[in-house]
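Shown next, in structure tokens, is the structure this report addresses.
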Amino acid sequence: MRKTLIAVVVFVFLTGLLGITQNAYAEENQISEQTIISGRILKPDGMSFEMQEGTYLGVRLKYFNSNSEYGLTQVPVNEDGTYELAYELASGEYELVVLIEGKNIPYVNSLPDPIQVTSGQKYNKDLKLSYPEISGRVLTKEGTPLEIFKETYVDVELGCTANQDFRRLITVSNDGCFNFGGGLPSGEYYLKAIARGDCKYLYSEIINIDFQKGNKVTKDISLGRANATGRILKPDGTLYKPEGYAYSLIYFDKVGENTFGQYQTGGMEGYYNFGLLPDEGDYICRLIPMGDDNPYAASEPVVVHLSPDKTVVQDLVYTSPMLEGKVLSPDGKSLGDNVAGIEVELRSTEAPHKLQNKVSVNRDGSYRIGGVPTGDYILKAINNDVFYSPYTDSVETRIRLDEKSGIAVKDINLSKPQIRVCVYNTDGMVLTVEENYFIDVSLKNVDGRVEKSLCQTAGTFNLGGFPEGDYYMEIKSFEHEYIKSEKVKVHLTPGELVNLNMFLKDISKKVTGTINTNFEASSYNVLRDFKVEIEGTEISTFTNSQGNFVIPMAPDNSKSYTFVISKDGYLIRKIKNVVVSDDIRLSVNNGPIIMYGGEIIKDGIINLADIMEFVKRFAKQVDNESADKACDLDNDGCINLKDIMIAANNFNKSTDD
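Residue numbering for the sequence shown is -26 to -1, 1 to 631, as defined by mature numbering (1 follows the signal peptide of the UniProt record, and there is no 0).
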């Protein structure tokens, strides 16, 4: 035993001595001194490159043959097209790359250019830009050239399907052209474009490209039409360009719906464009100031009619503040740094107390609000600070605002909690902090208004800021509508704290079913990962290896649902008019739901075009990440004659079968 211990000690000592010797040798031979490398930037043909307005070049120094997108250092190219790089380098082999940023030019990043250096020496090395490998133009949806103004910004992104870390982003030139290159490896890439600022178009669909090294690919990108665009103006009608910590948000809410900021977009250099339209209709549009350095108040609301095939041009004008002040603690003291998530609301005094305007509190606890007509309003501060604040919403205060009377001043005090609710999960245990993120605690008073609170501590919710009266309290899950508590009636009085325990219950009914195919699917997990979803909702699940699925739902006799079953390579099937009042099993003719394989083109029918897609990929090996996985119907890892026969047996089957 003792001999073994001595041997271990000797071995550790010799190992440490060897390490010290190696480090000393490395330090002796890797002395770094400042090395200077300078030169000119050249065109691919060797002629001098002249810098253009809006074009920025950089020279990056990297280790030789490094696959990293990052380098040791990077310097900008001077206006005369020269560069000088000074860096403490150990002697060895490195490489230089010229990078293009800003407005595009007819060339792309240079290929990596190797250089052998001796530490402390000066070197002169000219670097050549490269010709494009992937290029094109950004067009309108109609296929016409895109108008690019001074305040129009269009970016094109190039990404690699197989490498999520690969991403290149450039701003297109004034003629709408873009170029990528610099030694791209062969592979599958994608292009997408987005426009900001002064532009009636917004973003493109993703375009896939199969690039082979040595070839040049030309691919144009069409931008979709924006629903709305316009200028952001100051109260005096001049263009507003934010300075310091200030920016603009534009809110869109459908007329008749009780929302505020349901759809949002940002401003860019005094302009905005919006394209998140869910459906056609009349929308209320508001310009919202954000940041401590924005001196204005929200615009007056404007009603615009939005449609998918037309762009509305609507300028939005900031207003001067009508009311300002600070949000304070219940005893009138500053909240310090704990103001994150606090908002100030103005609501109508008429039922149902509709929200007229809302702003976020600045970092010093101050607020400014306006953009409403002269009249009487309900003023209230809403505290959404989940972790740090011991206070709740303020009490409501009635205030009259007159746009002709200058700026009114009103501080708002947050409240101490009036009700503290301890929530127990369906297993009878107190909720954890993480689970609280998915729970909504609400109070509903006699006029129908609902007040909500966020979690303050594990399993505990605090609410406050209510006038004396009777309220109904209910707790629901954000994720699962079938998990909720019973309604409890509670009487609240300002200054008094009510403690309450609430218990969540699972009232769900189960929708089950089994998926099968019309070919032998007992092996290779063929029946796994069919998606089963409820149309018009976010409720979905996937089948297991036996093709079985379970979806828990809240029972409701008044609704009927459509269940959609899908998987790449198969026709979509729909089970319609399903009412969930009790546990139910989905079936077709009292049997499993049969899915038909062979749908590759996704036109709703299996035909010759689908069969040809299998033939093109015949004998190709695939895995779960392969783009051609949909053609491997029997899931054996190879596209072969069996897959073609499966598709052929389903020839002319459609989504209606």
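Ideal Cβ placement from N, Cα and C applies to all residues, glycine included.
Reference residue i; option with closest CA among the options
i, options, result
"residue 191", "141, 130, 109", "109"
"residue 580", "618, 136, 592", "618"
"residue 307", "232, 100, 387", "387"
"residue 538", "567, 417, 530", "567"
"residue 113", "477, 574, 174, 241", "174"
"residue 197", "221, 121, 257, 271", "121"
"residue 142", "125, 167, 124", "167"
"residue 125", "89, 153, 169", "169"
"residue 129", "117, 148, 140, 136", "148"
"residue 451", "481, 520, 150, 462", "481"
"residue 161", "472, 185, 550", "185"
"residue 210", "157, 293, 155", "293"
"residue 107", "157, 116, 199", "157"
"residue 264", "341, 195, 312", "341"
"residue 519", "527, 512, 501", "501"
"residue 150", "123, 132, 163, 134", "123"
"residue 597", "590, 498, 276", "498"
"residue 104", "17, 21, 278", "17"
"residue 632", "353, 470, 433, 370", "No answer is possible for residue 632: the residues shown for the chain start at -26 and end at 631."
"residue 418", "401, 438, 434", "438"
"residue 368", "327, 316, 347, 328", "316"
"residue 182", "195, 355, 172", "195"
"residue 576", "592, 547, 589, 563", "547"
Nonlocal neighbours in the same chain, by C-beta distance under 6 angstroms from residue i, ignoring five residues either side
i, result
"residue 201", "248, 249, 251, 280"
"residue 237", "226, 250"
"residue 58", "12"
"residue 266", "219, 336, 337"
"residue 525", "485, 515"
"residue 624", "570, 572, 580"
"residue 96", "10"
"residue 374", "350"
Spatial distance of residue i from residue j (CA atoms)
i, j, result
"residue 474", "residue 494", "58 angstroms"
"residue 4", "residue 93", "Per-residue confidence for residue 4 stands at a pLDDT of 47, beneath the threshold of 50, marking its modelled position as unreliable; no derived number is given."
"residue 2", "residue 63", "Unreliable placement is indicated for residue 2, whose pLDDT of 42 sits below 50; no coordinate value is reported for it."
"residue 509", "residue 533", "13 angstroms"
"residue 460", "residue 396", "14 angstroms"
"residue 61", "residue 50", "14 angstroms"
"residue 81", "residue 204", "34 angstroms"
"residue 628", "residue 578", "6 angstroms"
"residue 554", "residue 415", "26 angstroms"
"residue 214", "residue 604", "51 angstroms"
"residue 611", "residue 193", "32 angstroms"
"residue 285", "residue 176", "11 angstroms"
"residue 595", "residue 602", "9 angstroms"
"residue 557", "residue 244", "56 angstroms"
"residue 28", "residue 131", "18 angstroms"
"residue 72", "residue 154", "13 angstroms"
"residue -2", "residue 70", "Only weak support is given to the placement of residue -2: the predicted model assigns it a pLDDT of 38, under 50, and the value that follows is read from those uncertain coordinates. Looking at the two C-alpha atoms, the distance is approximately 28 angstroms."
"residue 91", "residue 47", "15 angstroms"
"residue 180", "residue 135", "11 angstroms"
"residue 53", "residue 44", "24 angstroms"
"residue 36", "residue 83", "14 angstroms"
"residue 333", "residue 404", "35 angstroms"
One or two residues paired with residue i in a DSSP bridge
i, result
"residue 101", "15"
"residue 90", "67"
"residue 337", "Answer is none; residue 337 lacks a bridge partner."
"residue 119", "113"
"residue 271", "293"
"residue 222", "263"
"residue 279", "256"
"residue 199", "175"
"residue 364", "Note: residue 364 sits in no beta bridge, so no partner."
"residue 74", "31"
"residue 228", "257"
Sequence-distant residues of the same chain with beta carbon closer than 7 angstroms to residue i, five excluded per side
i, result
"residue 467", "442"
"residue 287", "203, 204"
"residue 584", "572, 573, 574, 575, 621"
Close Cβ partners of residue i (< 8 angstroms) along its chain, the five nearest in sequence each way excluded
i, result
"residue 462", "446, 447, 448, 474, 476"
"residue 302", "308, 309, 339, 385, 386, 387, 388"
beta-carbon residue i near the ligand NAP non-hydrogen atom, thresh 7 angstroms
i, result
"residue 484", "The ligand NAP is not among the ligands present in this structure, which contains no ligands whatsoever."
Completely contained alpha helix (DSSP H) runs for the region 579 to 609, where each covers 4 or more residues: 582 to 590
Beta strand (DSSP E) segments (min. 3 residues) lying fully within the region 457 to 527: 462 to 466, 472 to 477, 483 to 491, 505 to 508, 514 to 516, 522 to 527
Entirely enclosed beta strand (DSSP E) segments - the region 19 to 54, minimum 3 residues: 29 to 37, 47 to 50
Length-filtered (4 minimum) alpha helix (DSSP H) runs lying within the region 370 to 442: 407 to 410
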